[in-house]
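Undergrad:
Number of protein chains: 2
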Amino acid sequence: MEKKAEKTMQARSGGGQMVLEANLCFAIYGAAHAFTRTYKPLLEPLGLTYPQYLVMLCLWEEDMQTVKALGERLGLDSGTLSPLLKRMEQSGYVRRERSREDERQVKIALTDEGACLEARSANVRAAIGAALGCTMDEAAALRDEVMALKARLMQLEG
Amino acid sequence: MEKKAEKTMQARSGGGQMVLEANLCFAIYGAAHAFTRTYKPLLEPLGLTYPQYLVMLCLWEEDMQTVKALGERLGLDSGTLSPLLKRMEQSGYVRRERSREDERQVKIALTDEGACLEARSANVRAAIGAALGCTMDEAAALRDEVMALKARLMQLEG
DNA sequence: CGCAATTCAATTGCGCACAATCTAGTTACG
DNA sequence: CGTAACTAGATTGTGCGCAATTGAATTGCG
């Protein structure tokens with residue numbers, strides 16, 4: 001039952017635990033949470049959560065998208081988006097209207113208030129840029145590496 | 001009302017949308033989800049979710065840790081860990097026993113079944129290693145970059 | 001045309017993640 | 001000693017994230 005005396009010593013050599021921190025996944029998992037914690041106080045005055053802000057970025061870029069289009073862009077399914085969009089409708093930032101050509105799809109449209117929010121969100125991008133603590137080129141390089149990793153992971157799913 | 005004709009064209013130049021994909025945060029957010037989706041089918045036969053697997057990694061490295069110690073290591077608070085550990089107790093992988101020296105703390109201990117799981121999880125690490133699609137050195141380098149980014153983000157929180 | 005297969009969105013159920021609050025136990029200070 | 005400050009963990013409430021199911025609309029095929 002004294003199975004871990006030497007194992008723990010080895011694991012801790014170098015000033016910290018190894019097993020967990022050795023994992024790239026744990027690093028990304030932690031960085032993702034750190035990002036949302038950084039965004040939270042910036043988005044709170046706008047009445048948005050981070051996933052809701054992602055939806056707004058999509059809509060500011062191109063208004064009137066279907067739920068499916070948003071889901072494909074963001075990597076989210078209707079189980080996530082339906083209630084999220086309903087909350088955004090409650091907040092008054094989007095409208096949800098069933099498409100005339102195809103009654104199955106629901107188009108998400110910005111309200112005037114939602115469109116105005118784009119200007120008010122300028123400081124968010126600035127603050128995040130500053131929080132990154134690196135140049136835009138460095139951030140872009142890291143982003144490309146992470147995106148390539150994600151592509152490799154998704155390649156062997158469905 | 002035709003406010004986005006040229007904007008959309010510009011945004012799409014280069015073969016894809018820009019606003020969203022330009023963000024490092026969105027890349028990490030997506031990669032984190034891709035990781036958990038990769039882990040899911042590997043951990044399902046073991047009866048673990050990814051956060052539960054992280055707890056097991058902690059405990060395999062050092063048994064009998066307090067909830068607080070696990071939380072600091074994993075970056076999770078008691079609001080997340082309490083119900084998670086209760087589910088792991090239901091699964092039969094850990095026991096929760098109040099400390100004798102300090103009745104406030106609860107020590108989490110592996111059951112025999114939980115300890116045995118370590119051997120059965122060998123294929124998980126192998127499969128993830130293969131799914132990464134890069135060498136261990138490359139993965140370690142990316143991990144260090146992501147950890148450094150996380151450290152910079154956390155630096156200007158509390 | 002008529003029925004099966006497909007597609008889109010919504011719903012249900014479960015498991016994180018976290019803020020806020022609560023309880024119990026411990027420590028510190030007068 | 002006794003009370004105030006602090007700490008550990010649990011609980012409550014909100015919001016994702018996703019699998020599975022449902023229901024309505026559309027498409028495709030005989």
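So the sequence lines, in the order shown, correspond to chains A and B. According to our numbering, the first sequence is numbered sequentially starting from 1. According to our numbering, the second sequence is numbered sequentially starting from 1. Where is the CB? At the ideal position from N, CA and C, for every residue including glycine. This one's a predicted model, so the numbers in the text were calculated from it and none came from an experiment.
1) Would you identify the three-state DSSP class for V19/B, choosing helix, strand or coil?
2) One question on the structure: do L110/A and V124/A come within less than 8 Å of each other, judged by their Cβ atoms?
3) Give a yes or no on whether the minimum CB-CB distance between V124/B and chain A is below 8 Å.
4) Measure how close the beta-carbons of L74/A and C58/A come, nearest whole angstrom, since I'm counting them as under 8 Å.
5) When Cβ atoms are compared, which residues of the region 69-90 of chain B fall closer than 7 Å to chain A?
6) Are the beta-carbon atoms of E118/B and T38/A separated by less than 8 Å?
7) Is there at least one Cβ from chain B nearer than 8 Å to M119/A's Cβ?
8) On a Cα-Cα basis, can you pick out the residue from F26/B, L42/B, F35/B and M18/B that is closest to S121/B?
9) Closer than 7 Å by beta-carbon distance: list the chain B residues that pair up with A154/A, in chain order.
10) Which residues does DSSP pair with T166/A in a beta bridge?
11) So what's R100/A in DSSP terms, helix, strand or just coil?
12) Compute the beta-carbon to beta-carbon distance between T108/B and L85/B, rounded to the nearest angstrom, for a pair I have assumed lies under 8 Å.
13) Considering only the alpha carbon of each residue, which of E61/A, C116/A and K68/A lies closest to Y21/B?
14) Relative to the C-alpha of A131/A, which candidate in A151/B, A130/B, L46/B and E44/B has its C-alpha closest?
15) So what does DSSP say about K150/B, is it helix, strand or coil?
16) When the Cα atoms are used, what is the spatial distance from S91/A to G47/A?
17) Closest to D63/A by CA distance: which of I128/A, D137/A, C116/A and A140/A is it?
18) Mind pulling the chain B residues with CB within less than 9 Å of A109/A?
19) Considering P83/B, what are the terminal residues of the alpha helix (DSSP H) in which it resides?
20) Please list the partners that V19/A has in chain B, where partner means a Cβ-to-Cβ separation under 9 Å.
21) With a cut-off of 8 Å, does the C-beta of T38/B fall near any C-beta of chain A?
22) Just how far apart, CA to CA, sit D144/A and A139/B?
23) Check for me: the alpha helix (DSSP H) holding E44/A runs from which residue to which?
24) When burial is assigned at 16 or more other CB atoms within 10 Å of the CB, is Q155/B buried or exposed?
25) Run the CB neighbour count on A27/B, radius 10 Å, all protein chains shown included, and call it buried at 16 or more, exposed below.
26) Name, in chain order, the residues that DSSP records as bridge partners for V94/B.
27) For Y53/A and G79/A, I'd like the C-alpha separation in whole angstroms.
28) Could you confirm whether any beta carbon from chain A is found closer than 8 Å to the beta carbon of V106/B?
29) Answer yes or no: does any C-beta atom of chain A fall closer than 8 Å to that of G30/B?
30) Counting contacts by CB-CB distance shorter than 8 Å, is R143/B in contact with chain A?
31) For G133/B, name the three-state secondary structure that DSSP assigns.
32) Say whether chain A places a C-beta atom closer than 8 Å to the C-beta of L54/B.
TA: On the basis of the coordinates in this document:
1) Taking the first residue of the second sequence as 1, we reach residue 19/B at position 19. Coil at V19/B, not helix or strand.
2) To locate residue 110/A, count along the first sequence from 1; it is residue 110. To locate residue 124/A, count along the first sequence from 1; it is residue 124. No, these two residues do not count as a Cβ contact at 8 Å.
3) To locate residue 124/B, count along the second sequence from 1; it is residue 124. No, its Cβ sits nowhere closer than 8 Å to a Cβ of chain A.
4) The residue given as residue 74/A occupies position 74 in the first sequence. The residue given as residue 58/A occupies position 58 in the first sequence. Contact flag correct, Cβ pair sits at about 7 Å.
5) R73 and G75
6) Here the question's residue 118/B lines up with position 118 in the second sequence. Here the question's residue 38/A lines up with position 38 in the first sequence. Not a contact, by the Cβ cut-off of 8 Å.
7) Translated into positions along the first sequence, residue 119/A becomes position 119. Just to set this straight, residue 119/A is Ala in the shown sequence, not Met. No, because no Cβ of chain B sits closer than 8 Å to the Cβ of A119/A.
8) The sequence position of residue 121/B within the second sequence is 121, counting from 1. Checking every option, the nearest Cα to that of S121/B belongs to L42/B.
9) Within the first sequence, the letter at position 154 stands for residue 154/A. Before going on, a small fix: residue 154/A reads as Met here, not Ala. Correct list: A34.
10) Absent from the structure is residue 166/A, since the part of chain A shown begins at 1 and ends at 158.
11) As a first step, residue 100/A must be located in the first sequence, where it is residue number 100. It is coil, neither helix nor strand.
12) Reading the second sequence from its first residue, position 108 is the one you call residue 108/B. Reading the second sequence from its first residue, position 85 is the one you call residue 85/B. The sequence shown places Ile at residue 108/B, rather than the Thr named in the question. With 8 Å as the limit, I108/B and L85/B qualify as a contact, their Cβ atoms being about 6 Å apart.
13) As a working mapping, residue 21/B is identified with position 21 in the second sequence. It should be pointed out that residue 21/B corresponds to Glu in this sequence rather than to Tyr. When each option's Cα is compared against that of E21/B, the closest is E61/A.
14) Locating residue 131/A in the first sequence gives position 131, where the first residue counts as 1. Nearest of A151/B, A130/B, L46/B and E44/B to A131/A, Cα basis: A151/B.
15) Within the second sequence, numbered from 1, the residue matching residue 150/B stands at position 150. If DSSP states are grouped into helix, strand and coil, K150/B belongs with the helices.
16) Looking up residue 91/A in the first sequence gives position 91. Looking up residue 47/A in the first sequence gives position 47. Those two C-alpha atoms are separated by around 8 Å.
17) In the first sequence, residue 63/A corresponds to position 63, counting from 1. If we check each option's Cα against that of D63/A, C116/A comes out closest.
18) The count along the first sequence starts at 1 and reaches residue 109/A at position 109. Residues of chain B passing the Cβ test: none, with the nearest at roughly 12 Å.
19) Taking the second sequence and counting its residues from 1, the one referred to as residue 83/B is at position 83. Taken as a continuous stretch (DSSP letters only), the alpha helix (DSSP H) holding P83/B covers S78 to S91.
20) Numbered from 1 along the first sequence, position 19 holds the residue referred to as residue 19/A. The contacting residues are L57, C58, W60 and E61.
21) Counting from 1 along the second sequence, the entry for residue 38/B is found at position 38. Closer than 8 Å to some Cβ of chain A, the Cβ of T38/B qualifies, so yes.
22) Locating residue 144/A in the first sequence gives position 144, where the first residue counts as 1. Locating residue 139/B in the second sequence gives position 139, where the first residue counts as 1. Using only the alpha carbons, I get a separation of about 14 Å.
23) On the first sequence, position 44 is the one that residue 44/A refers to. That residue, E44/A, is in no alpha helix (DSSP H); it is neither H nor E in DSSP.
24) Residue mapping note: residue 155/B aligns to position 155 of the second sequence, counting from 1. Under this definition Q155/B is an exposed residue.
25) Numbered from 1 along the second sequence, position 27 holds the residue referred to as residue 27/B. It is buried - the Cβ of A27/B has at least 16 other Cβ atoms within 10 Å.
26) As a first step, residue 94/B must be located in the second sequence, where it is residue number 94. According to DSSP, which records beta bridges pairwise, V94/B is partnered with L110/B.
27) Along the first sequence, one-based indexing puts residue 53/A at 53. Along the first sequence, one-based indexing puts residue 79/A at 79. Roughly 18 Å between the two C-alpha positions.
28) For this step, residue 106/B is matched to residue 106 along the second sequence. So no, V106/B is outside the interface.
29) Residue mapping note: residue 30/B aligns to position 30 of the second sequence, counting from 1. Judged by the 8 Å Cβ criterion, G30/B is in contact with chain A.
30) If you number the second sequence from 1, residue 143/B lands on position 143. So, interface residue.
31) As a working note, residue 133/B is residue 133 in the second sequence. Of the three classes helix, strand and coil, the one that applies to G133/B here is coil, per DSSP.
32) Within the second sequence, residue 54/B is the residue found at index 54, counting from 1. Interface residue, yes.
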